[in-house]
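There are 2 protein chains.
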Amino acid sequence: MINLPETNKKRVLIIGGGFAGLKLMRELEHSDFQVTLIDKNNYHQFQPLIYQVASAGLEPSAIAFSFRKLLRGKHHMLFRMAELRGIYPEQNMIQTSIGKAHYDYLVLAAGTVTNFYGNRDVEATAIPMKNVSDAMGLRNALLSNFERAMTCATAEERRELLNIVIVGGGATGVEIAGALAEMKRFILPSDYPELRCNEMQIYLIEGQDRLLGGMDKRSSAEAERSLTRMGVKVILGEQVKDYSNHAVTLADGSTIPTQSFIWVCGVKATPTNLPANLIGRGGRIQVDAFNRVQGMDNIFCIGDQCLMSADPAYPGGHPQLAQVAIQQARQLAANLKQLSQGKEQAMKPFRYSNHGVMATIGRNRAVAEVGKFKWHGWAAWVTWLTVHLMFILGVRNKMLVFFNWLWNYLTYDRSIRLILYARKATVVREREEREAKVHLPDVAQA
Amino acid sequence: MINLPETNKKRVLIIGGGFAGLKLMRELEHSDFQVTLIDKNNYHQFQPLIYQVASAGLEPSAIAFSFRKLLRGKHHMLFRMAELRGIYPEQNMIQTSIGKAHYDYLVLAAGTVTNFYGNRDVEATAIPMKNVSDAMGLRNALLSNFERAMTCATAEERRELLNIVIVGGGATGVEIAGALAEMKRFILPSDYPELRCNEMQIYLIEGQDRLLGGMDKRSSAEAERSLTRMGVKVILGEQVKDYSNHAVTLADGSTIPTQSFIWVCGVKATPTNLPANLIGRGGRIQVDAFNRVQGMDNIFCIGDQCLMSADPAYPGGHPQLAQVAIQQARQLAANLKQLSQGKEQAMKPFRYSNHGVMATIGRNRAVAEVGKFKWHGWAAWVTWLTVHLMFILGVRNKMLVFFNWLWNYLTYDRSIRLILYARKATVVREREEREAKVHLPDVAQA
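Here the protein sequences line up with chains A and B, keeping their order.
Position one of the first sequence corresponds to residue 1 (my numbering), numbered consecutively onward.
Position one of the second sequence corresponds to residue 1001 (my numbering), numbered consecutively onward.
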């Protein structure tokens, strides 16, 4: 039972509290809706810095922000921790892991999940890096592989444990490759004096012929040059075919032994039970110029989960970036206010305005593009730091991130090298098992 | 294979990197031994602040410190992440989860584990708070219980989800009860405006007739008075009989419904395969005045895991406190240096010198005793803060803890209200399963 308080306001349900969902919440703060945010976590995560959690530079809590804290003191703004299980447009109803809820307007903003392109071996064993929980898992796995490398029986196994293979040369792949190359250079020799660090090799594999496919070719070349100089083996134009027996097999038949197999080469939209004819490229839900799901009156989709072909500048859909999500949320908030007052004609179509893209490679190294300006090196790196610090929620988190960055920069350290798992209490495990049984079929009859 | 480098130095193996093991490591730094620390975690944890991790006031990384970082640049000081499985004194050998190791001197410093006094219902469901992993699990469980309380179907279930029962009125129980009472007062009303917080009740149950049994009666009375004023229901002289169907049953037959059942009412020494005649009260290993395990030449035990009746002031053994552990480690380091030079007569028996005990209850409230001086309130609280800040390892951790304390004090906030689990990578899970199969029987034949 999702237990929303009775109200005579119109109900907006937002599924997902990423950049899109959160921005929408904030824009609807002084509106005349009852707004409920539904997310499977109780915190917003600052996606662009997840790779720094994985590489032991930041604590999860520095880039995660409690939804309840954000909603403090805001009337008619509610939060429910639950997972969406099904959408039933005829009944204006959704089913979640904790029960049903009715809506006047439903906004899907559930983002994307890692895409394994149907390869089950890879899905079962690769380490994704899509959220904070993945990132902590990756950190734990890398550190525990290093520990085992100290004591394993054969040179072959030691190579497997020390090699790191990163699949996917987008911003995430480039950033984690850079961070791990610095860890290899500055941390491993002093932490593991018994290991010969040249036994460790970091591979970055990309299917296309360049890194950072979404950026300018000069930025791609700069990223490749920097990473190579930092000791990363960049392999371009090569597909990963399989992963088995602790080895990655490439399309050309060659293999790389590794137990640290990081998969950041693609995402697909978080799946729903909406009919297949509404789904476009990358599993994304097709929306019109107002982010309205095609053929639906009161169901919208924003951010990475949607595909809009109505923006003249982006006929193939927008890139899946935080900026697009934030701008769509802002536009949708304005449109929902019009719509709820019966002024459907006053709704404005969405137009994306590109404020630029950036990726960081390492200490003093980044690439940035804003309009026709493209720069790299120290200046780009400082821009990157400043922009990210500005966009992190909350004074406490900004201070924590700044403190950690300063500390890590001055000491060349990554302080959070702890292999740490939370013990799951029986009462929580049992509840999760119960809630996992809330399946679609049970609902359709409801 | 534990893979220790060849050496002509004498080998000291230390099992456990708590206060005792870590102090011993540091004291042996400039000695003529090859010293290897073996711990199942890759970090030292600062036990006295674990309750603050559980109550969302501190991040795990603020009170955990990487062993490898501590051992940086120190020759002949090694670390292995492994669990002890068996001790074979005739062969001067131990078996661990990752293989065998030989020693010249073996020092057990593995501390204690939670004692469930044989009650399997309690063991299966109670939430312990012995280490960082437990504390994160407790934090996750509490927050997730609050989330569910928003949406559960019945008032009965809501009461179960909101009630918190803490069993054990020692320092840990008092400290967590105080921290949760403050959370109830300052955090819950604003985070969960839909809940009526008076539905939430915190119980602290103690079998003896007073809290803080190890301290002076006036301190006990002060703790009880403060907690009661803060809204905690303190129940003294009452035993918990069982926990089933989300309810605690007391010895008098009454029940308290709760899904947050925290068990901090006792510890027992970490078990080993040493013969039963060497084991005393609380599962502790009996040692002589030099911390030598009775009847053994070169096996020692220090800290909470040992029981020494040779100290004239403590014929029943020492209290299980950090101070005892640290002092024993210091004495043992000196004695080992003498012993290894054949000067067994020069070894000095251990005498515990009590520097005082403290417990914090909440904002501006603590109790402290040093010798004949006993004080409480603000002054005791400041003493507590200062002493703990001094004893935390590392400048970065001191700064982080100080920043978090200051922030929490000024804002009345507990910022880390995140329900957060690390995803366990397949490769790590498989390795753990393999290592769990390293059993004692396999070894005895070796």
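The beta-carbon is built from N, C-alpha and C at its ideal position, and this holds for glycine as well.
Query: Residue range of the unbroken alpha helix (DSSP H) whose run includes H388/A; Result: 378-391
Query: Inter-stretch contact (C-beta, 8 Å, three-pair minimum) for the segment 76-89 of chain A and the segment 408-416 of chain A; Result: no
Query: Alpha carbon of I1302/B to alpha carbon of A1289/B, nearest angstrom; Result: 11 Å
Query: Short CB-CB distance (under 8 Å) between W1407/B and chain A; Result: yes
Query: Neighbour flag for S97/A against chain B, beta carbons, 8 Å; Result: no
Query: Range of the contiguous alpha helix (DSSP H) that encloses Q1345/B; Result: It is not in any alpha helix (DSSP H) - Q1345/B carries neither H nor E in the DSSP assignment.
Query: Endpoints, the beta strand (DSSP E) within which F300/A is located; Result: 299-301
Query: Secondary structure of G17/A, DSSP reduced to three states; Result: coil
Query: Beta strand (DSSP E) runs contained entirely in the segment 1114-1177 of chain B, provided each spans 3 or more residues; Result: 1164-1167
Query: CB-CB length for L389/A against F402/A, believed under 8 Å; Result: 6 Å
Query: Test item: CB-CB of N1131/B and I1050/B under 8 Å; Result: yes
Query: Residue burial classification, T217/A (beta-carbon count within 10 angstroms, cutoff 16); Result: Checking the displayed sequence, the identity of residue 217/A turns out to be Lys instead of Thr. Counting Cβ neighbours within 10 Å, K217/A comes out exposed, since fewer than 16 surround it.
Query: Integer Cβ distance of I1176/B from I1262/B, believed to fall under 8 Å; Result: 7 Å
Query: Cβ contact check for the segment 1107-1124 of chain B and the segment 1299-1316 of chain B: 3 or more pairs under 8 Å; Result: yes
Query: First through last residue of the beta strand (DSSP E) which encompasses A101/A; Result: 99-102
Query: Continuous beta strand (DSSP E) stretch holding L204/A: start and end; Result: 202-206
Query: Candidates S97/A, V167/A, N291/A, G253/A: closest to A333/A by CA position; Result: N291/A
Query: Neighbouring residues, chain B, relative to D134/A (Cβ below 8 Å); Result: R1423
Query: Whether Y1088/B touches F1067/B by CB criterion (8 Å); Result: no
Query: For F46/A, three-class secondary structure by DSSP; Result: coil
Query: Listed by chain order, chain B residues near E59/A by CB distance under 7 Å; Result: E1059, S1061
Query: Cutoff 8 Å: M1183/B Cβ touching any chain A Cβ; Result: no
Query: Among I1166/B, K1233/B, D1121/B, Q1201/B, nearest to R1158/B - alpha-carbon criterion; Result: Q1201/B
Query: Distance between beta carbons of W375/A and A368/A, contact taken as under 8 Å; Result: 6 Å
Query: Residues within the segment 372-384 of chain A neighbouring chain B, beta-carbon criterion of under 9 Å; Result: none
Query: Rounded C-alpha distance that separates R72/A from I1127/B; Result: 29 Å
Query: A963/B classed as buried or exposed, judged by whether at least 16 other C-beta atoms fall within 10 angstroms; Result: In the structure as shown, chain B begins at 1001 and stops at 1446. Residue 963/B is therefore absent and cannot be evaluated.
Query: Where Y43/A meets chain B, residues with beta-carbon distance less than 9 Å; Result: R1417, L1418, I1419, L1420
Query: Contacts of S244/A in chain E (Cβ-Cβ under 8 Å); Result: No chain E appears in the structure shown, which is made up of the protein chains A and B.
Query: The segment 162-170 of chain A in contact with the segment 192-210 of chain A per 3-pair CB rule at 8 Å; Result: yes
Query: Nonlocal neighbours in the same chain, by C-beta distance under 7 Å from E1194/B, ignoring five residues either side; Result: M1150
Query: Integer-rounded CB distance, given that M1308/B should sit under 8 Å from I1350/B; Result: The residue asked about is misnamed: residue 1350/B is Phe in this sequence, not Ile. With 8 Å as the limit, F1350/B and M1308/B qualify as a contact, their Cβ atoms being about 7 Å apart.
Query: W384/A versus G16/A - alpha carbon distance; Result: 26 Å
Query: Rounded separation between V1122/B and T1249/B - CA only; Result: 11 Å
Query: Pairwise C-alpha distance: L1028/B and L138/A; Result: 34 Å
Query: Endpoints, beta strand (DSSP E) assigned at S66/A; Result: 64-66
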